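Trainee: This is the structure I want to talk about, given as structure tokens.
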Amino acid sequence: MKPTRTLAQTLASLAAADTANLANVSANKIALIGANFTPSLDRVLADLTLLSGNGLDPIALTAGAQNEGTDPTTGEAVIDLKEPAGGLRWETSGGLAVEKQIHGYALINNAGTVLLGMQRVDPPISLTVDNQVHVAPELTFKLDLNMIT
Amino acid sequence: MLPTRTLFEFWGQLWGTTSPLQEPEGITPKIRLIVEDFTPSLDLTLASLELAADADFQREPFITASEDVQHGVDPVNGDKRIDLGGSQDNLHFTFDSNVSAIGKTAYGTALLGNGDVLLGTHKFAQPIAITRTKQLIDLVDHGFRLPTSMVR
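Taken in sequence, the protein lines are chains A and B.
Count along the first sequence from 1, then add 138; that gives the number in our numbering.
Count along the second sequence from 1, then add 126; that gives the number in our numbering.
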């Protein structure tokens with residue numbers, strides 16, 4: 139059955155406001171993924187190597203309902219994750235001695251125990267010394283509502 | 127960003143079990159026949175559809191009940207399924223058609239929520255001509271399918 143746009147859009151609005159996941163009162167976090175991976179619905183946290191230390195720790199998003207709307211170009215429903223004050227910005231520090239690579243971003247819960255989503259960075263970004271900065275692009279879920287049947 | 131399967135399936139569950147697809151007890155979404163050709167689209171409106179009239183049938187055709195919305199995963203392709211109607215009786219319904227319905231052609235169905243708000247449409251693979259009274263139209267497997275490929 140093809141839903142109306144109004145009904146279909148509620149899929150995104152409900153997801154964005156779902157306190158069990160995206161709108162958790164304990165802010166979810168974005169972690170940097172430090173080893174190659176293939177995004178998959180069936181990926182679990184244990185499959186991924188998350189970076190930490192040297193300024194590369196996960197950064198908490200803004201807690202509560204996330205932003206939601208429609209992409210005016212594609213018509214897709216968009217849930218854009220609310221960046222914290224200061225943005226999703228990492229800066230190497232503390233005497234980075236070994237090259238680290240950013241292969242992607244992982245959306246994890248506040249406790250760092252549950253993987254909610256992932257996005258690949260291709261090609262990976264190498265960090266080799268202190269004071270190197272990486273700012274994540276806007277991180278979104280996009281839902282093609284036309285594909286609901 | 128790609129969600130995990132657990133999260134994607136939860137979104138589908140949330141959608142299927144929340145208003146307007148699932149309303150409080152006593153508010154029953156209805157499925158009505160569409161008797162003029164149409165093209166399913168997200169942007170269809172109720173005004174653009176011709177529905178079978180109440181008078182065409184001895185009892186109003188509806189199948190879904192608030193407690194009957196079910197959800198699950200298609201074992202073949204992983205689609206999240208929202209299934210309307212929960213019992214065998216509800217999944218089949220007989221149009222006890224009156225004389226006024228004879229001669230009409232059913233092209234599909236419209237799902238109407240609280241206040242007769244259009245929620246969705248389904249087009250039959252083949253139009254069904256109503257040629258007699260008590261004509262059976264089978265609505266097995268009526269609902270929504272959310273393919274995992276819809277999210278990125």
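Positions of the beta carbon are idealized from the N, C-alpha and C atoms, including for glycine.
Only a predicted model underlies this, so the values are computations on that prediction, with no experimental measurement involved.
Output the boundary residues of the alpha helix (DSSP H) element that contains residue 148 of chain B.
Mentor: Per DSSP, residue 148 of chain B belongs to no alpha helix (DSSP H) and is neither H nor E.
Trainee: Counting contacts by CB-CB distance shorter than 9 Å, is residue 188 of chain A in contact with chain B?
Mentor: By this cut-off, residue 188 of chain A is not an interface position.
Trainee: Can you give me the Cβ contacts of residue 201 of chain A inside the same chain, cut-off strictly under 6 Å, excluding the 5 residues immediately before and after it?
Mentor: 163 and 165.
Trainee: At the 9 Å Cβ level, is residue 187 of chain B part of the contact set with chain A, yes or no?
Mentor: For residue 187 of chain B, the pLDDT reaches just 49, beneath the cut-off of 50, and the residue's location in the model is therefore unreliable, although a value from the coordinates is still provided. Cβ-Cβ to chain A under 9 Å: no for residue 187 of chain B.
Trainee: With the cut-off set at 9 Å, would you say residue 272 of chain B and residue 149 of chain A are in Cβ contact?
Mentor: Yes. Within cutoff.
Trainee: Below 8 Å between beta carbons is the criterion; list the residues of the region 143–168 of chain B that meet it against any residue of chain A, in chain order.
Mentor: Per Cβ criterion, the list reads 144, 146, 147, 166, 167 and 168.
Trainee: Report the CB separation of residue 129 of chain B from residue 255 of chain A in whole angstroms; it is logged as a contact under 8 Å.
Mentor: Indeed, because the Cβ distance is near 5 Å, the residues count as touching under 8 Å.
Trainee: Buried or exposed, going by whether 16 or more other CB atoms sit within 10 Å of the CB of residue 214 of chain B?
Mentor: With a pLDDT of 48 at residue 214 of chain B, under the threshold of 50, the modelled position of this residue cannot be trusted, and the question is left open.
Trainee: Pull up the distance between the alpha-carbon of residue 233 of chain B and that of residue 268 of chain B, whole angstroms please.
Mentor: Looking at the two C-alpha atoms, the distance is approximately 15 Å.
Trainee: For residue 282 of chain A, return the contacting residues in chain B, with the cut-off set at a CB-CB distance below 7 Å.
Mentor: Under the 7 Å cutoff, chain B gives 276.
Trainee: So, is the C-beta of residue 170 of chain A closer than 9 Å to a C-beta in chain B?
Mentor: False, the Cβ-Cβ gap to chain B never drops below 9 Å.
Trainee: Nearest by alpha-carbon distance to residue 196 of chain A: which of A:280, A:154, A:264 and A:251 is it?
Mentor: Closest by alpha carbon: A:251.
Trainee: Could you name the residues of chain A that residue 177 of chain B contacts, counting a contact when the two beta carbons are closer than 7 Å?
Mentor: Chain A residues near residue 177 of chain B: none, gap ~15 Å exceeds 7 Å.
Trainee: What are the residues that DSSP puts in a beta bridge with residue 280 of chain A?
Mentor: In DSSP, residue 280 of chain A forms a bridge with A:216.
Trainee: Out of A:267, A:226, A:280 and A:214, which has the shortest C-alpha to C-alpha gap to residue 192 of chain A?
Mentor: Residue A:267 is the option with its Cα nearest to residue 192 of chain A.
Trainee: Tell me, please, whether the CB atom of residue 141 of chain A is closer than 9 Å to any CB atom in chain B?
Mentor: Cβ-Cβ to chain B under 9 Å: yes for residue 141 of chain A.
Trainee: From the DSSP output, in three-state form, read off residue 223 of chain B for me.
Mentor: Here residue 223 of chain B sits in strand by DSSP.
Trainee: From what residue to what residue does the alpha helix (DSSP H) around residue 154 of chain A run?
Mentor: Residues 143–154.
Trainee: Rounded to a whole number of angstroms, what is the C-alpha to C-alpha distance between residue 281 of chain A and residue 216 of chain A?
Mentor: In a straight line, the C-alpha of residue 281 of chain A is about 6 Å away from that of residue 216 of chain A.
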